[in-house]
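Protein chains in written order, with this note's numbering: chain V, 365 to 583; chain Z, 365 to 583.
Worksheet: one structure, shown below.
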Ligand SMILES: Nc1ncnc2c1ncn2[C@@H]1O[C@H](COP(=O)(O)OP(=O)(O)OP(=O)(O)O)[C@@H](O)[C@H]1O
Ligand SMILES: Nc1ncnc2c1ncn2[C@@H]1O[C@H](COP(=O)(O)OP(=O)(O)OP(=O)(O)O)[C@@H](O)[C@H]1O
């Protein structure tokens with residue numbers, strides 16, 4: 365059970381605050397707008413109306429020992445910067461902040477924010493990938509140019525074999541998992557018979573981006 | 365090479381339009397704000413200044429045959445609804461739209477939007493999960509309550525064995541992959557010696573949410 369501070373209770377901040385509370389943590393939410401605070405009074409541990417551009421606000425909340433703080437203020441860049449500055453100076457271990465531009469990001473990074481989130485940008489990338497590769501339902505960037513990709517097979521792949529598609533493209537890609545209805549099949553349980561694809565199968569592949577792209581045309 | 369229409373060139377729309385262009389597609393971007401259009405003139409195929417609340421706008425753009433359209437207007441709910449309505453009526457195969465509230469979502473769904481994105485809400489969930497489980501760097505919802513989880517091992521897991529942690533918790537969870545520096549290890553190549561964890565290892569686990577939660581306390 366951890367203690368979290370969330371400043372700014374717009375959609376982003378509210379989601380974080382209510383989800384962390386639902387997961388069993390203690391959450392203090394702060395917003396200068398009374399309506400946001402009232403709306404969340406029942407769904408988070410504590411919610412207070414306060415303006416974080418006033419230095420006394422954060423001092424009076426006694427949050428130095430909190431496990432993490434999130435600055436979920438977007439449009440008021442100055443307020444976001446002042447809050448981030450003060451929280452980092454207080455020594456809170458993890459200070460995360462939302463940024464709306466590369467410039468905003470650079471300032472927050474300089475001030476010591478441990479992680480900076482760009483919701484519109486990060487979701488925009490995911491949407492572009494999903495539109496570009498319609499069969500790719502989801503993906504995970506593992507770093508080092510390695511990716512996990514979740515395909516949802518369409519009729520186009522019906523009765524074909526994933527091994528055949530991968531070898532045919534000369535791609536150095538691994539099949540990690542197949543989920544068909546409520547069963548998950550993990551190697552080495554795969555056999556060529558198992559690997560005849562059925563429309564609707566969820567197939568998890570892993571490999572370097574350039575290798576995954578070799579089979580992209582097939583998809 | 366596909367053809368895409370992106371209406372609204374704020375951060376979300378701009379990201380989608382520029383990323384799709386970078387991936388080799390033809391992208392038409394539309395915004396009523398000239399500054400947004402000018403800023404993107406060099407990074408997307410075409411960018412035009414137009415107001416989509418005027419019914420003639422979309423008619424004159426001849427986009428009926430496009431592969432997909434994205435309505436990336438958030439705050440002006442009416443404009444978002446009018447554009448979505450018209451694009452669905454035109455018969456475009458895939459119409460995706462951004463929504464800022466559950467109510468907005470319901471209206472867009474009723475009008476026939478194929479996918480509705482809530483950037484602030486979806487990123488908020490990810491941030492809450494990351495803060496709640498600090499060792500979980502990323503996760504993928506596979507549906508059917510199955511999840512892939514990427515852990516980044518901290519010193520706490522140094523020299524321990526993943527099998528021992530999983531069995532100790534009685535968790536029905538599979539180890540799909542270990543990434544250590546620039547090498548990926550996939551079962552069945554794992555041996556107990558390999559599975560001694562080193563701080564910094566990226567470990568991909570798969571299982572039902574309730575099973576993964578059994579090892580959450582260890583992390
Ligand atoms: N100085 C401040 N002190 C406290 N709260 C603030 C301050 N400035 C802004 N906020 C609050 O932060 C919240 C988020 O602000 P933002 O400008 O990012 O709005 P938003 O775009 O509606 O948010 P979201 O995108 O998360 O829905 C608002 O509810 C606002 O009242
Ligand atoms: N009727 C319209 N016709 C064309 N473009 C529009 C219309 N209404 C709004 N837009 C454009 O849509 C874009 C996104 O609008 P939104 O209100 O979501 O702003 P935003 O919050 O800054 O966007 P983002 O969150 O993507 O950065 C703006 O650039 C705006 O000019």
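The beta carbon of each residue, even a glycine, is placed where N, CA and C say it ideally should be.
This structure is a prediction, so every number in the text was calculated from the model and none was measured.
Chain order gives the chain V residues near residue 546/Z as 508, where near means a beta carbon separation below 8 Å. The count of Cβ pairs closer than 8 Å, one atom from the segment 471 to 482 of chain Z and one from the segment 397 to 415 of chain Z, stays below three, leaving the stretches out of contact. Using a Cβ-Cβ cut-off of 7 Å, residue 485/Z is close to 375, 379 of chain V, given in chain order.
Look at residue 504/V here: in three-state DSSP terms it is strand. When the beta-carbon positions are compared, residue 368/Z and residue 487/V stay at least 8 Å from each other. Interface flag for residue 393/V against chain Z is unset, since no Cβ pair is found closer than 8 Å. Rounded to whole angstroms, residue 481/Z and residue 493/V show a C-alpha spacing of 14 Å.
The continuous alpha helix (DSSP H) containing residue 484/V extends over residues 483 to 496. Ligand 1 approaches residue 439/V closely enough that one of its heavy atoms is under 7 Å from the residue's Cβ.
Each residue's CA atom was taken as its position, placing residue 366/V and residue 385/V some 10 Å apart. Within the segment 418 to 481 of chain V, complete beta strand (DSSP E) segments of at least 3 residues are found at 432 to 435, 458 to 462, 479 to 481, given in chain order.
In the structure shown, residue 521/V falls within a helical segment according to DSSP collapsed to helix, strand and coil.
Interface flag for residue 403/Z against chain V is unset, since no Cβ pair is found closer than 8 Å. Residue 481/Z has its Cβ no nearer than 7 Å to any heavy atom of ligand 2. Residue side-chain check: residue 450/Z keeps its Cβ at 7 Å or more from all non-hydrogen atoms of ligand 2. Residue side-chain check: residue 443/Z places its Cβ nearer than 7 Å to a non-hydrogen atom of ligand 2. Residue state for residue 583/Z is assigned as coil, using DSSP reduced to three classes. Between residue 504/V and chain Z, the shortest Cβ-Cβ separation is below 8 Å. CA-to-CA, the gap between residue 520/Z and residue 529/Z works out to about 12 Å.
If you compare the alpha carbons of 389/V, 422/V, 532/V, 544/V with that of residue 516/V, the shortest gap goes to 544/V. For residue 578/Z and residue 539/V, the gap between their C-alpha atoms comes out near 26 Å.
Legend: CB atoms of the segment 416 to 434 of chain Z lying less than 9 Å from CB atoms of chain V belong to residues 431, 432, 434. Listed along the chain, the chain V residues whose CB falls inside 9 Å of the CB of residue 399/Z amount to none; the nearest CB is some 14 Å away. Taking 8 Å as the cut-off between beta carbons, the residues of the segment 513 to 524 of chain V near chain Z are 514, in sequence order. The beta carbon of residue 378/Z sits closer than 7 Å to the beta carbons of 404 from its chain, once the five residues preceding and following it are set aside; these are given in chain order. For residue 543/Z, a Cβ of chain V is located within less than 8 Å of the residue's own Cβ. Placement of the Cβ of residue 371/Z at a distance of less than 7 Å from at least one heavy atom of ligand 2 is found. Of the candidates 490/Z, 432/Z, 424/Z, 432/Z places its Cα closest to the Cα of residue 498/V.
For ligand 2, no non-hydrogen atom lies closer than 7 Å to the CB of residue 467/V. For residue 478/V against residue 500/V, the beta-carbon gap comes to about 30 Å, at or over 8 Å, which does not count as contact. Between the alpha carbons of residue 453/V and residue 564/Z lies a distance of about 28 Å. For residue 456/Z and residue 434/V, the gap between their C-alpha atoms comes out near 40 Å.
It is roughly 9 Å from the alpha-carbon of residue 484/V to the alpha-carbon of residue 374/Z.
By the rule that beta-carbons nearer than 8 Å mark a contact, residue 459/Z does not touch chain V.
Ranked by Cα distance from residue 561/Z, the first of 574/Z, 550/Z, 534/Z, 524/Z is 524/Z. Flagged as an interface residue toward chain Z: residue 488/V, by a C-beta distance shorter than 8 Å.
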